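In case it helps, mature numbering (1 follows the signal peptide of the UniProt record, and there is no 0) puts the sequence shown at residues -25 to -1, 1 to 422.
Ideal Cβ positions, reconstructed from N, Cα and C, are used throughout, including at glycine.
These numbers come from a predicted model, not from an experiment.
Here's the structure we're looking at; comments come further down.
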Amino acid sequence: MMTTDRRGLILGGAALLTVPATARAQGTTQGTTQGAVIDITRARTDPIPIAVPALAGGGRGADISRVIQANLRNSGLFRPVDNAAFIQSAEAAAATPRFQDWRVIGANALVTGRVEDQGGRLRVEFRLWDVLPEQQIQGTAFTAPAAQWRRIAHLISDVIYERLLGEKGYFDTRIVYVAESGPRDRRTRRLAIMDQDGENNRFLTDGSFQVLSPRFHPNAQQIVFMSYFQNQPRVYLFDLNSGRSEVLGQFPGMTLSPRFSPDGRTVVLSFAQGGDANIFAVDVGSRSQRQLTSGGGLDVSPCYSPDGSQIVFNSDRGGDQQLYVMGAGGGGARRISFGRGRYATPVWSPRGDLIAFTRISGGQFGIGVMRPDGSGERILTEGWGMEAPTFAPNGRVLAFYRETRASGSRGQGYSARLAQIDIAGFNERQIVTPTDATDPSWSPLLA
């Protein structure tokens, strides 16, 4: 059985050769690797042409390469060269790249490698080349159970992303979400999880009770979610390794949007009682509770900053639904949203530089971002019925859900799907799921 430890999988092989980045620029996030200078801002409009031939050795080599190509293409920052244009064979390139053959078809970067079947385990080595100066940028080998070939492809994709763009990738991650089916007024809502590209989808609950607002633990191995079991609102902790769940707390009123603190020791949530909703922090170990907000109004959707020092939430305490930021211990809340419309579902970027949100204005929904002080607000995408943004662990991509079909008078025909978009507002794409899908939560890089 393969370890889920990212470091363990990487160290299961041997480093072949690593040429360190010689510079990291500030601001535009540039990476310089022995002559290759890639600017992410430019890559948005001029994706990096990269050739990813099938890894030599047969077996899963072609499959691994296809996953790498799809990951890089879907990021919007790379343009994999069509395999039909390749001049040199994959076997020959794995031995010695003939760089003029790759330059002539327009490739700036080249990935070569080899797969070796070691009796139920795969050893996969790959090399990343800068085609113009004919230099190797990275070389690494991975060893893992054969069933984990897709994860090896995601790990290789992350290495390529980081070496060429100068920032962490996000491909070796998962997304947990609510899988929905049935008419809108009688929906079945199950907890589901998949790889970030929509593969390896599986259902974690059987639909016998409703599931809402799942969120990942910082270790990516636990999920907190809201459920109504026998019409009783409860907050559950679900362990992905054991498949077991336990009740974090049972509350006499409506409980909303639980979310872990950055250290995983606390769950912050909103508890509605008597017409108001206030934010509470629940200690995961002792189950003790602390009330963080009080007074009239609905304070909901709390989310910690990456350093754990602040909490963003939305509230109608000022008469309209807006975003507020307060200290993690409560108190001192200050409003940060001042645009037209109502604001909801705020979530802090893992980088700490942005807060994503849903805005409802003039009958239109929008997914946007702003700085933590409320400045620099940008709407990335608009339409009917979109909500619940969640950041990839590198802070560059958002997932959310949008309604793709409105429901009829009796709830029939309704459909909702997950989508991704870059924080620059480009490269929006749908994530394919076997059922309708809402309320995604992106995991950290798998540990």
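Subject >> Cβ-based burial, Gln248 [other Cβ within 10 Å; buried from 16] >> reply: exposed
**OP:** Using the DSSP secondary-structure output, state which residues sit across from Val90 in a beta bridge.
**Re:** Val99
**OP:** Name the one or two DSSP bridge partners that Glu221 has.
**Re:** For Glu221, which the question treats as bridged, DSSP gives the partners Leu212.
Original post:
For the alpha helix (DSSP H) that Ser50 lies in, which residues bound it at each end?
Top reply: 36 to 50
Original post:
Can the beta-carbon of residue 423 be found closer than 8 Å to that of Pro277?
Top reply: This structure cannot speak to residue 423, because the chain is shown only from -25 to 422.
Original post:
Three or more C-beta pairs closer than 8 Å, one from the stretch 282 to 294 and one from the stretch 336 to 346: is that the case here?
Top reply: no
**OP:** Have a look at the DSSP bridge pairing and note the partners of Val56.
**Re:** DSSP lists no partner for Val56.
Original post:
Under the rule that 16 or more other beta-carbon atoms within 10 Å means buried, what is Glu221, buried or exposed?
Top reply: A residue is called buried when at least 16 other Cβ atoms come within 10 angstroms of its Cβ; Glu221 does not meet this threshold and is exposed.
**OP:** Identify the continuous beta strand (DSSP E) that holds Glu137 and give its terminal residues.
**Re:** Taken as a continuous stretch (DSSP letters only), Glu137 belongs to no beta strand (DSSP E), being part of the alpha helix (DSSP H) at 124 to 140.
Original post:
Does any residue of chain C bring its CB to less than 8 Å from the CB of Ala59?
Top reply: This model lacks chain C altogether, as it is built from one protein chain only.
**OP:** State the beta-bridge partners of Phe366 as determined by DSSP.
**Re:** Leu373
Original post:
Is the stretch 151 to 159 touching the stretch 400 to 415 in the sense that three or more CB pairs, one from each, lie closer than 8 Å?
Top reply: yes
Original post:
Since Phe235 sits in a beta bridge, which residues does DSSP pair it with?
Top reply: Val242, per the DSSP bridge assignment.
**OP:** Could you check the C-alpha separation between Arg126 and Glu174 for me, to the nearest Å?
**Re:** 11 Å
Original post:
Is Trp323 helix, strand or coil when you go by DSSP?
Top reply: strand
**OP:** In the DSSP assignment, find the unbroken beta strand (DSSP E) run with Asp76 in it and report its ends.
**Re:** Here Asp76 belongs to no beta strand (DSSP E); instead the alpha helix (DSSP H) covers 74 to 78.
Subject >> Buried versus exposed call for Val275 [16 or more other C-beta atoms within 10 Å across all chains shown] >> reply: buried
Original post:
If you draw a straight line from the alpha carbon of Phe178 to that of Arg326, how long is it in whole angstroms?
Top reply: Rounded to the nearest angstrom, the two C-alpha atoms are 30 Å apart.
Subject >> In DSSP terms, what Gln197 is bridged to >> reply: Asp214
Original post:
If you draw a straight line from the C-alpha of Thr356 to the C-alpha of Phe332, how long is it?
Top reply: 11 Å
**OP:** Counting only runs of 3+ residues fully inside the stretch 243 to 287, write out the beta strand (DSSP E) ranges in chain order.
**Re:** Listed in chain order, they are 251 to 258, 264 to 266, 274 to 279.
**OP:** Identify, in the order they occur along the chain, each residue of the same chain with its Cβ nearer than 6 Å to the Cβ of Arg162, setting aside the five sequence neighbours on each side.
**Re:** Cβ neighbours of Arg162 beyond the five flanking positions: Glu155.
Original post:
Just reading off the beta strand (DSSP E) that Ala82 is part of, what are its end residues?
Top reply: Premise fails: Ala82 is in no beta strand (DSSP E) and is neither H nor E.
Subject >> the stretch 78 to 92 touching the stretch 103 to 117, judged by at least three CB pairs closer than 8 Å >> reply: yes
Original post:
What are the start and end residues of the alpha helix (DSSP H) that includes Glu155?
Top reply: That residue, Glu155, is in no alpha helix (DSSP H); its beta strand (DSSP E) goes 149 to 156.
**OP:** Measure from the alpha carbon of Val134 to the alpha carbon of each residue in Phe117, Val210, Ala59, His192, then state which is nearest.
**Re:** Phe117
**OP:** Compute the Euclidean distance between the alpha carbons of Leu(-17) and Gly305, then round it to the nearest angstrom.
**Re:** Confidence at Leu(-17) is low in this model, with a pLDDT of 38, below 50, so its placement is unreliable and the value that follows should be read with caution. For Leu(-17) and Gly305, the distance between alpha carbons rounds to 41 Å.
**OP:** Report yes or no: do three or more beta-carbon pairs, one from the stretch 64 to 80 and one from the stretch 92 to 99, lie closer than 8 Å?
**Re:** no
Original post:
Is the distance from the Cβ of Ile342 to the Cβ of Ile396 below 8 Å?
Top reply: yes
Original post:
In this structure, does DSSP put residue 423 in helix, strand or coil?
Top reply: Shown here, the chain extends from -25 to 422; a query on residue 423 therefore has no answer.
**OP:** For Arg98, collect the residues of the same chain with a Cβ closer than 7 Å to its Cβ; drop the 5 residues on either side in sequence, then sort them by chain order.
**Re:** Gly(-13), Glu91, Ala116, Thr118
Subject >> Pick from Asp57, Ile254, Gln197, Met229 that is closest to Asn206, judged by C-alpha positions >> reply: Ranking Asp57, Ile254, Gln197, Met229 by CA distance to the CA of Asn206 puts Met229 first.
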